[in-house]
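What follows is a single structure, written as structure tokens, with notes after it.
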Amino acid sequence: MKLQSYALPFARRSAQPRPRIRMREQVPAWLFLLPAIVIFGYFTWYPMLVTVGFSFQRVSLTGETSWIGLDNYRRMFADPLFYISWRNIGQFAMLSVGLGFLFPVVIALMVNEMRRINGFFRLVYYLPTLIPVTVALLVWRQIYAPEGGVLNSLLAIFGVEPQLWLQNPSLAKLAMVFIMTWAGAGGTILIYLAALQEVPLEIYEAAEIDGFSPWQRVRYIALPNLTSKMMVLLVLQVIFVVQVFTEPFLLTQGGPANSTVTPVLSSYRIAF
């Protein structure tokens, strides 16, 4: 039997050329859009342009400015911490793609196959999203504690020596990525589950009648309908990693040996 991937059909737009709309007829539409454009430009593009201007000036807390040209950029590129922070971000991104990106996909596919109790697992995986970030990080600090920590206590049961999870440069990155994955996976899993539910139930029933195994249902039915969402969430995952600040700030302060310092944390140190 020849297996074919199934993807939900999308309505094709007509290829017929649209009639040219006169500028006079577009005026009411632009008037309706104008308030939103002004608000978006003022709160998004204006601060960005002002920030670019500030990068060529010396700005004091009192608001006094003086033009210094490219001096800020020379100092930035001469600072070794600038390159260390971006190297750390690259490593965070690679670990996040391997753990934080693929893990929600696997969990969503597994939960989708559990037809009777998938509602319970949705709640379980989404609960970490509801916990305040600061509270969650304080709990994780106790879990990773070198003495008396929950994780080391569990390892001691199996005869494994205690590990310095947040004090070892090699382990600190992995521990940080695991926390970020734990905190953000819930929302991602729900998005994937919503995409999987768009597939008509009849498709799954027909696949079962045709003798599809669970792996074949995932490969030929589920995954083709997750591809577009996966690409979007991958981009968002990378953006989130580049902007990460709270986790290293509260847990390691960028240490040990600057192994978890990020560009945002480095900027915070310089500013404050």
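Each residue of the sequence shown is one higher than the one before, counting from 786 in my numbering.
Using N, Cα and C, we set each Cβ at its ideal position, and we do this for glycine too.
Remember, predicted model here, so these are calculated numbers, not experimental data.
Proximity of the segment 945–962 to the segment 887–903 falls short of the contact definition, fewer than three beta-carbon pairs being nearer than 8 Å. DSSP, reduced to helix, strand and coil, places R901 outside both helices and strands of the structure shown, so it counts as coil.
Straight across, the Cα-Cα distance linking F1025 with M965 is about 10 Å. Note that the segment 931–949 does not touch the segment 896–903; fewer than 3 beta-carbon pairs, one per stretch, sit closer than 8 Å. Check the Cα spacing between V837 and each of W852, L846, L1036, T847: the tightest is with W852. Excluding its 5 nearest sequence neighbours in each direction, W871 has C-beta neighbours in its own chain below 8 Å: P1048, listed in chain order. Out of P954, V1029, S1013, V935, the CA that lies nearest to the CA of G969 is found in V1029. As a beta-bridge residue in DSSP terms, Q842 pairs with W852. A buried status is given to L1011, since no fewer than 16 other beta-carbon atoms sit within 10 Å of its beta-carbon. Counting C-beta pairs with one atom in each stretch, the segment 972–986 and the segment 900–917 have three or more that are closer than 8 Å, which means they touch. Between S840 and N857, the C-beta gap is smaller than 8 Å, which places the two residues in contact. Sorting A1042, P1009, W1000, T919 by C-alpha distance to the C-alpha of P954 places A1042 at the top.
In the DSSP annotation of this structure, the continuous segment of the alpha helix (DSSP H) that includes S870 starts and ends at 865–881. By the CB criterion at 8 Å, L949 and P931 fall inside the cutoff. Membership of I1055 in the alpha helix (DSSP H) is indicated by the continuous run 1048–1056. Per DSSP, reduced to three states, the secondary structure at P985 is coil, with no helix or strand assignment. Beyond the five residues adjoining it in sequence on each side, V1020 comes within less than 7 Å, by CB distance, of no other residue in the same chain. The beta carbon of I928 is closer than 8 Å to those of G934, V935, L936 in its chain, skipping five residues each way along the sequence. Shown here, I994 sits in a helix according to DSSP, grouped into three states. CA-CA distance, S1044 to N873, rounds to 7 Å. With a cutoff of 8 Å on beta-carbon distance, V1023 and A878 are scored as near each other.
G854 and F862 have their C-alpha atoms some 14 Å from each other. S998 counts as exposed, since fewer than 16 other beta carbons sit within 10 angstroms of its beta carbon.
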